[in-house]
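From first to last, the protein sequence lines stand for chains A and B.
For the first sequence, our numbering begins at 32 and goes up steadily by one.
For the second sequence, our numbering begins at 239 and goes up steadily by one.
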Amino acid sequence: MIHVELLLTTIVQGILVGGIYALLAMGTNLIVGIMNIINLSQGDFAMLGMFTAFWLFALFGITPLISLPLAFLLTFIAGFLLTKFIFVRVFGLQPIYSVLLTYGLALFVMNAAQAVWTGDYRRIDVSYGALRYSFLSVNNNYLIAFIFATVLSFVIYSFLTRTRLGKAIRAVSQDPDAAASSGINVRVIRAITAGIGLGLAGAAGVLMTLIYFIYPYVGSTFTIKAIIVCVLGGLGNVMGAYFSALIIGLAESLSLFFVPYGLKDAVGFIIFILILLFRPKGLFGG
Amino acid sequence: MKIMKMRKSMIVILALAILSFLSPIAIGEQTYILHILILIFIFAAFGQSWNLLAGFAGQISLGHHAFFGIGAYTLGLLVYYHSPFKMNPWPALILGGLMSMLIGLPIGAICFRLRGPYFALATLAASEVIRLIILNTEFTLAGRGVVIPPPSAVQLGPLSISFRSKIPYYYISLTMMLIVFLVTYLVVRSRLGFKLLAIREDEETAATLGISPFRTKLFALTISVFFAGILGALYGQYMTYIDALTDPGGVLAPWTGLDAILISLIGGMGTIAGPIIGATIRMGLGETLRVIFGWRAGVDLLIFGLLLISIVLFFRKGIWGFIRVAYRLGGNERWPYLKLRA
């Protein structure tokens with residue numbers, strides 16, 4: 032019966048990790064939708080969120096879940112300012128320049144962290160115990176991260192669909208010129224959206240501290256995972272991103288039955304290439 | 239007038255080439271200077287291989303380090319001490335390039351179905367897959383790196399590309415760089431080069447003119463990754479150790495791919511002379527930063543990240559591109575500058 036237990040636990044764990052991917056991917060998705068810039072520094076802002084949570088915990092003993100709003104706010108400000116002063120300069124240029132720009136930004140952020148905080152692996156020692164059923168055991172850290180990520184995802188979703196600001200964001204991402212002519216301040220909306228996008232990365236980073244080690248180069252894989260999820264769900268499709276994140280999380284954890292642990296991340300990339308080849312508009316796209 | 243200009247630039251290039259062939263006489267056995275120059279040559283050529291694809295065909299590869307690494311690993315696995323092949327490094331060098339081509343072709347065939355930023359992302363994903371597979375396969379020594387026989391363990395001399403002095407390496411890498419630059423020049427000036435430029439400027443229009451973007455880009459990629467592989471192999475043979483990890487210096491590290499990008503971008507994307515200028519600045523800056531900030535890992539890469547950002551924001555033409563515009567060199571209507579606007 033041990034196999035059933037292992038299988039169930041793997042499935043559940045995969046889905047729970049998918050919650051975090053969802054949060055990251057939603058941020059990437061918002062930024063792609065609003066500015067047509069694929070953000071290669073998403074994971075590195077999540078890393079900044081992780082360090083925010085770490086230092087608040089290490090210096091003041093604040094539990095990561097409480098520092099979530101602060102991490103969101105800090106990365107929100109970063110995203111707002113970046114858009115206002117930097118991203119705006121590559122609008123209308125060939126897309127290669129925005130790719131190189133965010134790649135440079137990623138390198139800058141991760142190596143600044145490396146220079147300031149060194150490459151040590153750090154951990155926040157918070158454990159919420161585990162749930163055990165007959166065939167299933169769930170680490171509560173994963174569960175809590177998943178619940179927070181899911182709630183936040185739905186908050187963002189309702190924000191986009193229900194509020195005036197959310198409607199303005201969707202208007203700008205559909206047609207900036209038409210949005211501008213109906214009185215929306217496109218520049219401010221862009222900066223706010225990118226702020227939310229990076230803010231979600233920061234928030235995801237805080238939740239990641241419950242599961243992963245904290246070190247400066249942790250972000251790169253998450254950046255790529257966020258992009259994989261976005262492409263799988265269809266670029267710009269926020270809810271598609273949520274469900275495809277769960278699929279990717281599940282696929283990665285199930286792959287452990289077939290490939291060595293070190294190759295786990297390669298599975299995501301191979302899925303990515305397959306999607307781009309066969310369903311370039313994503314699973315849920317037309 | 240045009241011929242005169244051509245002659246002038248030819249004379250300048252020839253003079254520079256002769257100067258660099260003679261300079262070891264002046265430098266002598268100052269190993270540090272020679273080492274830096276060798277790295278400049280190898281990385282200028284590597285930057286040029288990236289430039290062929292990005293600058294002239296408009297296809298940004300974020301995974302070029304994978305091909306550099308494949309070349310290095312191929313050579314390493316063929317010649318290292320316990321290798322079942324125990325091959326001479328010269329054919330291994332060529333095989334490094336060929337292996338990189340062999341792996342690059344299917345990857346290119348997949349990635350070129352995508353365009354613009356999606357191509358860049360796909361190359362990034364492909365390079366990660368290659369890195370993870372190499373680091374997790376026992377055949378490739380699973381991330382322990384490959385030690386190529388040090389000079390004491392093998393017959394020294396040109397046959398084994400192992401020398402006590404750095405001067406032979408200097409000539410080998412210089413020759414290699416000149417070959418890469420010459421081939422790139424010939425490619426860019428050929429029909430293929432014009433097709434690449436057409437694709438870079440407007441893929442749809444190029445297709446309506448009867449150019450097959452897919453085949454043309456794939457051909458450019460083949461040349462590009464062949465060079466990347468052979469240069470990686472040369473780098474591995476020169477360093478005598480192939481580092482698998484992601485530290486700076488590891489052939490599979492994204493930083494290595496970043497070097498190709500930076501070198502090409504500093505010098506000027508889509509210019510032939512750019513990468514040598516870029517490589518000189520990149521290596522000079524790298525060494526300077528190491529002297530100043532060597533005690534703190536990450537500072538040099540942080541500054542390279544900033545450099546990449548600032549070039550994209552403020553200096554997209556690069557140094558040689560800027561000089562070309564300022565002094566109206568070369569870039570006539572037959573050989574246009576990289577278009578900036580979408």
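Backbone N, C-alpha and C fix where the C-beta goes; we use that ideal spot for every residue, glycine too.
| Asked | Found |
| --- | --- |
| Contact residues within the stretch 369-382 of chain B, judged by C-beta distance below 8 Å to chain A | Leu370, Ile371, Leu373, Asn374 |
| Cβ pair Thr518(B), Arg562(B) closer than 8 Å | no |
| Close-in-space but distant-in-sequence residues of the same chain around Ser284(A) (CB under 6 Å, 5 per side omitted) | Thr41, Gln44, Gly45 |
| Gly395(B) in three-state terms, based on DSSP | strand |
| Any chain A beta carbon closer than 8 Å to Arg528(B) | no |
| Near-chain B residues of the stretch 274-302 of chain A - C-beta to any C-beta below 8 Å | Pro291, Gly293, Leu294, Asp296, Ala297, Phe300, Ile301 |
| Proximal chain B residues relative to Ile65(A), where beta-carbon distance stays under 9 Å | Simply none; closest approach about 15 Å. |
| Best match in Leu370(B), Met477(B), Ala363(B) for proximity to Tyr408(B) [C-alpha to C-alpha] | Met477(B) |
| Contact between the stretch 63-74 of chain A and the stretch 123-140 of chain A (3+ Cβ pairs under 8 Å) | yes |
| Whole-Å CB distance - Ala458(B) paired with Leu291(B), under 8 Å assumed | 6 Å |
| Buried or exposed by the 16-neighbour rule on C-beta atoms within 10 Å, applied to Gly266(B) | exposed |
| Whole-Å CB distance - Phe305(B) paired with Ala466(B), under 8 Å assumed | 4 Å |
| Sequence-distant residues of the same chain with beta carbon closer than 6 Å to Gly50(A), five excluded per side | Phe177, Ala180, Thr181 |
| Sequence-distant residues of its chain with Cβ nearer than 7 Å to Thr422(B) (five each side left out) | Gln286, Leu290, Ile510 |
| Neighbour flag for Tyr356(B) against chain A, beta carbons, 8 Å | yes |
| DSSP state of Arg579(B) mapped onto helix, strand, coil | Confidence in Arg579(B) is poor, its pLDDT being 49 and thus under 50, which makes the residue's placement too unreliable to answer from. |
| Entirely enclosed beta strand (DSSP E) segments - the stretch 454-515 of chain B, minimum 3 residues | none |
| DSSP state of Met32(A) mapped onto helix, strand, coil | Because Met32(A) sits at a pLDDT of 48, beneath the cut-off of 50, its placement in the model cannot be relied upon, and the following sentence gives the value as read from the coordinates. In the structure shown, Met32(A) sits in coil (DSSP, three-state: anything other than H, G, I, E or B). |
| Interface positions of the stretch 111-128 of chain A facing chain B (Cβ-Cβ less than 8 Å), listed along the chain | Ile117, Arg120, Val121, Gly123, Leu124, Gln125, Pro126, Ile127, Tyr128 |
| Stretch pair the stretch 416-430 of chain B + the stretch 354-372 of chain B: three plus CB contacts closer than 8 Å | no |
| Residue span of the beta strand (DSSP E) that contains Ala161(A), given as start and end | 161-163 |
| Inter-residue CB distance, Thr94(A) and Gly233(A) (contact presumed, cutoff 8 Å) | Actually they are not in contact, since the Cβ atoms of Thr94(A) and Gly233(A) sit about 16 Å apart, beyond 8 Å. |
| Inter-residue Cα distance where the pair is Arg252(A) and Val290(A) | The sequence shown places Thr at residue 252(A), not Arg. Cα to Cα, the separation comes out at about 18 Å. |
| Pro574(B) versus Ala436(B) - alpha carbon distance | With a pLDDT of only 48 at Pro574(B), under 50, the local geometry of the prediction cannot be trusted, and the value read off the model is given with reservation. Roughly 10 Å separates the two Cα atoms. |
| Sub-8 Å separation of Leu229(A) and Phe76(A) beta-carbons | yes |
| Pick from Gly299(A), Ala297(A), Leu231(A), Phe166(A) that is closest to Gly110(A), judged by C-alpha positions | Leu231(A) |
| Short CB-CB distance (under 8 Å) between Val563(B) and chain A | no |
| Where Ala253(B) falls, given that 16 or more other Cβ within 10 Å makes a residue buried | exposed |
| Whole-angstrom distance between Ala264(B) and Leu623(B), CA atom to CA atom | Residue 623(B) lies beyond the stretch modelled for chain B, which goes from 239 to 580, so this question has no answer here. |
| Beta carbon proximity, Ala143(A) to chain B, threshold 8 Å | yes |
| Strand pairing of Ser168(A), partner residues [DSSP] | Arg163(A) |
| Among Ala56(A), Leu61(A), Ala53(A), His34(A), the one whose alpha carbon lies nearest that of Ile227(A) | Leu61(A) |
| Segment limits, alpha helix (DSSP H) that includes Ala436(B) | 429-439 |
| Inter-residue spacing [alpha-carbon to alpha-carbon] between Glu439(B) and Gly296(B) | 8 Å |
| Contacting positions in the stretch 538-550 of chain B - beta carbon closer than 7 Å to chain A | Leu539, Leu540, Phe542, Gly543, Leu544, Leu546, Ile547, Val550 |
| Minimum Cβ-Cβ distance from Arg442(B) to chain A less than 8 Å | Position check: residue 442(B) holds Glu in this sequence, whereas Arg was assumed. False, the Cβ-Cβ gap to chain A never drops below 8 Å. |
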